[in-house]
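No gaps in the numbering here: position 114 of the sequence shown is 186 in the numbering used here, and each next residue is one more.
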Amino acid sequence: MKKSVFLAPFLVLSSVFAYSAPVTYNGITFPAGDVSFADSLIDLTLGSPAPTDPDFLDGTSALGPPDYDGTGAVSLGVGGNITVEFTDNSLTGSNSDDDDLHIFEIGPDVEDTDVWISMNGIDFISVGSVGGSVSSIDIDPYLSALSLDPFSQFSFVRLQDVASEGNTSGPTVGADIDAIGAISSAPPVTRNIPEPATFGIILLGLAGLGLILRRRENY
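Quick look at the structure:
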């Protein structure tokens, strides 16, 4: 029993260090490891014409590290777009000319993709385009142009197929997104969630308001 108690923290620490070790995919190194990749699908809007191959219609295929298995990607269709979120990390700049964001686009047809990033999932900043296949972006010039801190943290990335590039028909038409990774990775963005004590104060306030309204009705 005692052995398991002492072993558990060791296993937790080991898993953290293993998970945080740098990883390299297709020659691109991600210093933060596999946590560098998008975790959550926010929206997928297929373009027109839309892809028809059932193996390329699932937006969650663009999450996590690249698969390279021919079925671990989503096709956007002509002009289609996808929005994903980083939840266990965030994208940031490097305050240098190093690349910060990498898009893994697969398939025989090289298709361009416009890229936006956002802190809150509402206000998006254009950071240019990637020219198909596996491509990286240095987001620092775009942050500098907007007078933003180079180490600003972004949780959301939106990709849109450039309709004028690539084939306009076929079962996997549009950019085929396999993975989206933050080369420059920071801790996850914390959300302002009220603490339990705050919820209690809010409930007490509502209860008090209810009593006041009842008393007014009785007069």
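Every residue, glycine too, gets a C-beta built ideally from N, C-alpha and C.
- Query: Based on Cα-Cα distance, which residue from S201, T132, D125 lies nearest to I209?
  - Reply: S201
- Task: State yes or no: is the C-beta of A232 within less than 8 Å of the C-beta of N153?
- Result: Here the sequence assigns Gln to residue 232, which means Ala is not the residue at that position. Yes, Cβ-Cβ distance for Q232 and N153 is below 8 Å.
- Query: What are the start and end residues of the alpha helix (DSSP H) that includes S216?
  - Reply: 212 to 217
- Just confirm the distance between the C-beta atoms of T185 and V150, as a whole number of angstroms; I'd bet it's less than 8 Å. Their Cβ separation, rounded to whole angstroms, is 12 Å, which puts T185 and V150 out of contact at 8 Å.
- Message: Just to confirm my understanding: we take P123, look at its own chain, exclude 5 residues before and 5 after, and list those with CB closer than 7 Å. What are they?
- Response: L129, S147, G149, P243, T244, V245, G246
- Helix, strand or coil at S92 according to DSSP, with G and I counted as helix: helix
- Query: How long is the line joining the alpha carbons of I189 and D172, rounded to whole angstroms?
  - Reply: 12 Å
- Quick one: grab the DSSP three-state call for F176. strand
- Query: In the structure shown, what three-state DSSP assignment does V245 receive?
  - Reply: coil
- Query: With burial defined as no fewer than 16 other Cβ atoms inside 10 Å of the residue's Cβ, what is the status of D25: buried or exposed?
  - Reply: With the chain covering 73 to 291 only, the question about residue 25 has no answer from this structure.
- Message: Nearest by alpha-carbon distance to I252: which of V199, F223, F158, P103 is it?
- Response: F158
- Query: With respect to the beta strand (DSSP E) encompassing E157, which residues constitute its N-terminal and C-terminal limits?
  - Reply: 153 to 157
- Query: Would DSSP call F223 helix, strand or coil?
  - Reply: coil
- Query: Just reading off the beta strand (DSSP E) that G200 is part of, what are its end residues?
  - Reply: 196 to 202
- Message: Tell me the residue span of the beta strand (DSSP E) that contains D115.
- Response: 112 to 117
- Item | CA nearest to the CA of A134, picked from T240, I178, L215 | I178
- Query: If we ignore side chains and look at the alpha-carbon of each, how far apart do N167 and G238 end up?
  - Reply: 33 Å
- Query: What is the residue span of the beta strand (DSSP E) that S256 lies within?
  - Reply: That residue, S256, is in no beta strand (DSSP E); it is neither H nor E in DSSP.
- Query: Is the beta carbon of D250 less than 8 Å from the beta carbon of G131?
  - Reply: no
- Item | First through last residue of the beta strand (DSSP E) which encompasses V294 | What the structure shows of the chain is the stretch from 73 to 291, and residue 294 is not part of that stretch, so it cannot be assessed.
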